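Trainee:
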Amino acid sequence: MRLKSRLLWPIPIILSSSKEEADNIKEGEQAALVSDGDIMGVMLVEEKYTYDKKLEARQVFGTADPNHPGVAKIYEQGEVYLAGPVKVFSEGGYPERFPEFARPAETRAIFADKGWTTIAAFQTRNPMHRSHEYLTKIALEVCDGLLIHPIVGKLKAGDIPAEVRMECYDVLLDNYYPRDRVVLKVYPMEMRYGGPREAVLHAIIRQNFGCSHLIVGRDHAGVGNYYGPFDAQDIFDRLAPEDLYIQPLKLDATFWCNRCGSMA
1 MRLKSRLLWP IPIILSSSKE EADNIKEGEQ AALVSDGDIM GVMLVEEKYT YDKKLEARQV
61 FGTADPNHPG VAKIYEQGEV YLAGPVKVFS EGGYPERFPE FARPAETRAI FADKGWTTIA
121 AFQTRNPMHR SHEYLTKIAL EVCDGLLIHP IVGKLKAGDI PAEVRMECYD VLLDNYYPRD
181 RVVLKVYPME MRYGGPREAV LHAIIRQNFG CSHLIVGRDH AGVGNYYGPF DAQDIFDRLA
241 PEDLYIQPLK LDATFWCNRC GSMA
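By the count of full-length UniProt numbering, the sequence shown reaches residue 264 at its end, each step adding exactly one.
(1) Taking residue 91 as the reference, which of 85, 102, 44, 81 has the closest Cα?
(2) Short check: CB of residue 223 to CB of residue 193, under 8 Å?
(3) DSSP state of residue 107, grouped into three classes?
(4) What three-state label does DSSP hand residue 101 in the structure shown?
(5) Could you pull the start and end residues of the alpha helix (DSSP H) that residue 166 belongs to?
(6) Are the stretch 15-22 and the stretch 78-91 touching by the rule of at least three beta carbon pairs closer than 8 Å?
(7) Who are the near neighbours of residue 50 in its chain, counting only those whose CB is closer than 7 Å to its CB and skipping five residues on each side?
(8) Which whole-angstrom value describes the C-beta separation of residue 148 and residue 122, a residue pair presumed to lie in contact below a C-beta threshold of 8 Å?
(9) With C-beta atoms as the reference, is residue 211 less than 8 Å away from residue 119?
(10) Output the distance between the C-alpha atoms of residue 260 and residue 177, rounded to the nearest integer angstrom.
(11) With a CB to CB cut of under 7 Å and the five nearest residues on each side skipped, what residues in its chain are close to residue 114?
(12) Using beta-carbon positions only, say whether residue 166 and residue 100 come within less than 8 Å of one another.
Now the structure itself:
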């Protein structure tokens, strides 16, 4: 779960190509990174190598089952990885598509302007329901502010479109939260459904955005029955204190209590 430098990095971010494509690219050459016909950036190719798809799937996701969406993505990839420094030309249209788009320097400036020193991040890819509301309000009891940071990148089939979710978040924040203590921003990341390892990746990302805590609830970043309900919390106990500045807010499963007439 570490790079060669020993830096904590739980899920590899890679660029695959077919063998035919890779054969036409020499090490030391530049390769255009294209999406839907648009050049998003350029990689200076320093290395080309093959890899064991099943081994990577087991190491990253804990399973080689092709029904796992993260594993399926590995199996669908090309058989050669390209590696090297990348120069980015485009942010994929997300700043234009979402007014709530913000870069790490921008969220850090917002938090500083508000005078917040402790900020809890809430990762979500769905509309927020009553349990989510309950968890985030617990976080507001122990932190100065809350960053609601939904994923608006590629999701899996059947997930609710980002634009619909944004309308839901706005209604919720305008009517059920102390608006001056909550910031809503989006993050264009592709979900991998990697359970515990993805929880660590989410923590690293939110640390970069200036957060001090990440809310980690039941089955964070999980899918199906591949992970235990609290595996994503337990993985943080196996990290060294110096690995992360951000801390997990480990919260139990929530439910509606008929006797209390409220969430519990």
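The beta carbon of each residue, even a glycine, is placed where N, CA and C say it ideally should be.
Because the structure is a prediction, the values reported are computed rather than measured.
Mentor: To lay it out plainly:
(1) Answer by Cα proximity: 102.
(2) Yes.
(3) Shown here, residue 107 sits in a helix according to DSSP, grouped into three states.
(4) Note: residue 101 maps to strand in three-state DSSP.
(5) Counting along the chain, the alpha helix (DSSP H) containing residue 166 begins and ends at 162-176.
(6) Counting Cβ pairs under 8 Å, three or more are found: they touch.
(7) Counting only Cβ-Cβ distances below 7 Å, and skipping sequence neighbours, we find 79, 80.
(8) Sure, about 5 Å apart at Cβ, within 8 Å.
(9) Cβ atoms of residue 211 and residue 119: closer than 8 Å.
(10) Rounded to whole angstroms, residue 260 to residue 177 spans 21 Å at the Cα level.
(11) Only 145 meet the Cβ criterion.
(12) Between residue 166 and residue 100, the C-beta spacing is below 8 Å.
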